[in-house]
Amino acid sequence: MEEIKSSFFNEKEIIDVRRSILIVDDEMINQELLGNILKDDYEIIFASDGVDALECIKEHKDAIALIMLDLIMPRMGGVEFIGRLKEDSDLRMIPIIVLTSDKKSEVECLKIGATDFIPKPYPDPEVVKARVNKCIELSEDRSIIRSTERDNLTKLFNTEYFVRYVHLFDQHYQDISMDALVIDINRFHMVNERYGKDFGDEVLRRVGERIKQQARKLGGVGCRQGADTFLIYAPHKDNYEDIIERLSEGLAGEGKDTPDCKINLRVGVYYEVDKSLDVERRFDRAKMAADSVKGMYDTSIGVYDHELHEKLIFSERLLDDFRTSLEEKHFSVFLQPKFDVRPDKPVLTSAEALVRWNHPELGMISPGLFIPLLEENGLIPDLDYYVWEETASYIHACKDKFGFSVPVSVNVSRIDMLMPNLREIFDGILEKYELTTEDLILEITESAYTGDSEQVISTVIGFRGEGFKIEMDDFGTGYSSLGMLSNLPIDALKLDMSFVRNAFSEKKDMRMIELIIDIADHLKVPVIAEGVETEEQYLTLKEMGCDIIQGYYFSKPVPEEQFDSFLAERTGK
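Under the numbering used here, read the sequence shown as residues 80 to 652, first letter to last.
Written out as structure tokens, the structure reads:
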């Protein structure tokens, strides 16, 4: 690029904080006239046409406060230059003063995005200075406003200002149907964990830029709501497949350090929103649609419909009734026995505490419905504590009745693991029910170790130091490396139930079980297989080297009073 700089511009100086003016004109005399007028207040950069100017802006875009633009130039004239500049969401904010003697061109340029114009021949130098200063001041004021209403990383609106714009859309387009979209990045926390925060931020910037572009094309507005959640509000469109494709394509880039990184989006759409709902509820519905396709590999778009609406009403009912049900003990602890299959005859070795909700009006509610709901709404620690207490109370009663009990494993969620007083809670339960750490086994899912891993591992080490046994639940569904596992404080690996269920129809799941058993051998810990229902599964898993079996083959989860029979059998009572 051939760039002409004035004699009073020091190339070695770093141009800073938008105090430079780019003068784009192919006539040297015009460059000198304007440069001499403005040189005392600003650094001046010259370009001879639109092509040179675009190159110059790429180099100094953070320093340029204003562009002064001639219209008639070789290679690329002023009108084309303005059009090119406005295509870039960052550069389009730089104000432009058009230099022209043609009244018709003045109006045309203002229409396509110029900020102001100065006529040729140039007026009094003080008039030129005043118009330049005013133009820059207005631009800086707008920048300050933008900085308060936009997310720093993606430059999208923040939630507060997004809601304001949604209300403006509703006011101005009362007769137009609008859609609400929620866009989530699948397993984004693992992108940060594996490739680092800098790469994660770059992905967020790319998504933000694309959402800004697509929202503009749709005639709507975009927003970054949370770490990896984005919103779009736009006039109704029948199908968003093409939009999602543009948002998703090549998001991971082609970095040499991330060759195997795949970034996938999932989208929830609430078509033709009910404008009587507040903005938060509209996007709650879109969020529910996005969550409905979570974990699916054949679709990335969920739609809010009547079925999801009914599910939402049902979910709200459960959330409303949760506290009362907890207080009135509508939740019950069921126990499923675990058998050590290494001896010739299986031996009852422990049990798992599983919670059931017998709603007084809705009847028995599946844990698959209420547990994820409580997790999403931050209520699972309350239910977990209830289960821990009920389980401890039952073990105490068994010791009184039979003179002994088997250890019972209780689930400890990822949220629980982040509680600073978790160990004190368990210590209090043991003391209250006169138990030891041998009576309760703590089941912690593999995924809990992969997020906030240092804190989780530290907590687990503390528990093991007190004498608690730790089982890693749902093993094989997370992202633990063998190196990481070698350092984890665990006493057993528990196969995810899906592997057992699919192993006899999917070869890859059978191979996964073999691999996990090998890993357990390496770590010198037993393998527990849950979800075992048939004799074929039982015999095969035993032959493969599983140590402990749990599932309907031996017993379904049963109420506490029925579990007594397993203990009675051991005592002969």
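A virtual CB, placed ideally from N, CA and C, is assigned to each residue, including glycine.
Check whether the Cβ atoms of E205 and F196 lie closer than 7 Å to each other. Going by C-beta atoms, E205 is not nearer than 7 Å to F196.
Comparing C-alpha positions only, which one of F505, T613 and P202 sits nearest to S180? The candidate whose alpha carbon is nearest that of S180 is P202.
Unbroken beta strand (DSSP E) run spanning T308, endpoints: Unbroken beta strand (DSSP E) run through T308: T308 to P314.
Any contact between the stretch 426-436 and the stretch 401-413? By contact I mean 3 or more CB pairs, one from each, below 8 Å. Yes: at least three Cβ pairs fall under 8 Å.
Would you call the CB atoms of V539 and I549 closer than 7 Å? Against a cut-off of 7 Å, the Cβ pair of I549 and V539 comes out as a contact.
Which residues in the same chain have their Cβ closer than 7 Å to the Cβ of D95, if we skip the five residues on either side of it in sequence? At D95 the pLDDT is 36, less than 50, meaning the model places this residue with poor confidence and gives no usable figure here.
Please state whether DSSP places E351 in a helix, a strand or coil. DSSP places E351 outside both helix and strand once states are collapsed to three, so it counts as coil.
Would you tell me roughly how many angstroms separate the C-alpha atoms of E166 and M257, rounded to the nearest one? Straight through space, the alpha carbons of M257 and E166 are spaced by roughly 25 Å.
P605, buried or exposed, once every other Cβ within 10 Å from all chains shown has been counted against 16: It is buried - the Cβ of P605 has at least 16 other Cβ atoms within 10 Å.
Going along the chain, which residues of its own chain have a beta-carbon closer than 6 Å to the beta-carbon of D419, five neighbours each way excluded? So the qualifying residues of the chain are V426, T428 and I627.
Please report the Cβ distance between Q629 and E431, rounded to the nearest whole angstrom; I am assuming they are in contact, meaning their Cβ atoms lie under 8 Å. With a Cβ gap of about 7 Å, Q629 and E431 count as contacting.
Report the three-state DSSP secondary structure of I94 (helix, strand or coil). Caution applies to I94, whose pLDDT of 32 falls short of 50 and renders its modelled position unreliable; the value that the coordinates give is listed next. Coil at I94, not helix or strand.
Pick helix, strand or coil for K296, following the three-state DSSP scheme. K296: helix per DSSP, three-state reduction.
For K213 and D353, I'd like the C-alpha separation in whole angstroms. Roughly 44 Å between the two C-alpha positions.
Could you compute how far the alpha carbon of L170 sits from the alpha carbon of I124? Approximately 16 Å between the Cα atoms of the pair.
Ends of the alpha helix (DSSP H) at R435? No alpha helix (DSSP H) contains R435, which is instead part of the beta strand (DSSP E) from V426 to H438.
Once the 5 residues before and after D600 are set aside, which same chain residues still bring their CB inside 8 Å of it? Non-local beta-carbon contacts of D600 in its own chain, meaning distances under 8 Å to residues more than five positions away in sequence, involve G624 in chain order.
Would you mind giving the Cβ-Cβ distance between P486 and L519, rounded to the nearest angstrom? I have them listed as a contact below 8 Å. Between L519 and P486 the Cβ distance is about 7 Å, and since that is below 8 Å, they are a contact.
Best match in L145, A132 and K137 for proximity to M152 [C-alpha to C-alpha]: Out of L145, A132 and K137, A132 has the C-alpha closest to the C-alpha of M152.
How big is the Cα-Cα spacing for E648 and V637? Distance between the alpha carbons of E648 and V637 is about 16 Å.
Quick one: measure Cβ to Cβ for F362 and A294, integer angstroms, because I've assumed they're closer than 8 Å. A Cβ-Cβ separation of about 14 Å leaves F362 out of contact with A294 under the 8 Å criterion.
Report yes if the CB atom of A369 is closer than 7 Å to the CB atom of R345, and no otherwise. A369 is a Cβ neighbour of R345, given a cutoff of 7 Å.
If I measure Cβ to Cβ from T524 and keep anything under 6 Å in the same chain, skipping five residues before and after, which residues do I get? So the list reads D552 and D553, once near-sequence residues are dropped.
Could you tell me the boundaries of the beta strand (DSSP E) in which G381 lies? Segment I380 to V382, the beta strand (DSSP E) holding G381.
According to DSSP, what are the bridge partners of F196? F196 has V177 as its beta-bridge partners, per DSSP.
Determine the direct distance from the alpha carbon of Y244 to that of E454, and round the result to whole angstroms. Looking at the two C-alpha atoms, the distance is approximately 32 Å.
Where the alpha helix (DSSP H) containing E510 begins and where it ends: Per DSSP, E510 belongs to the alpha helix (DSSP H) from L501 to K511.
Per DSSP, N115 forms a beta bridge with which residues? Under DSSP, N115 shares a beta bridge with no residue.
Can you check whether the C-beta of A476 is within less than 7 Å of a C-beta belonging to chain D? Among the protein chains of the structure shown there is no chain D, as only one such chain exists.
Report all residues from its chain with a CB closer than 8 Å to the CB of I494; omit the five preceding and five following residues, and keep chain order. E454, G457, I459 and P460, listed in sequence order.
Assumed close pair L618, A608 - CB separation to whole angstroms, cut-off 8 Å: About 12 Å separates the two Cβ atoms, so there is no contact after all.
So, for R325: in the same chain, excluding its five sequence neighbours on each side, which residues have a beta-carbon less than 7 Å away from its beta-carbon? If we look at R325 and ignore the five residues flanking it on each side, its Cβ neighbours are R289 and Q293.
Residues of its chain near S86, where Cβ-Cβ distance is below 8 Å and the 5 sequence neighbours each way are ignored: Per-residue confidence for S86 stands at a pLDDT of 31, beneath the threshold of 50, marking its modelled position as unreliable; the derived number appears in the next sentence. Once the five neighbours on either side are set aside, S86 has no close Cβ partner at all.
Could you check whether D128 and M147 sit closer than 7 Å to each other, using their CB atoms as the reference points? Result no, Cβ atoms of M147 and D128 do not sit closer than 7 Å.
I'd like to check one pair, I100 with L150: are the Cβ atoms closer than 7 Å? Cβ atoms of L150 and I100: not closer than 7 Å.
Range covered by the alpha helix (DSSP H) that runs through G129: From DSSP, the alpha helix (DSSP H) with G129 extends over G129 to H139.
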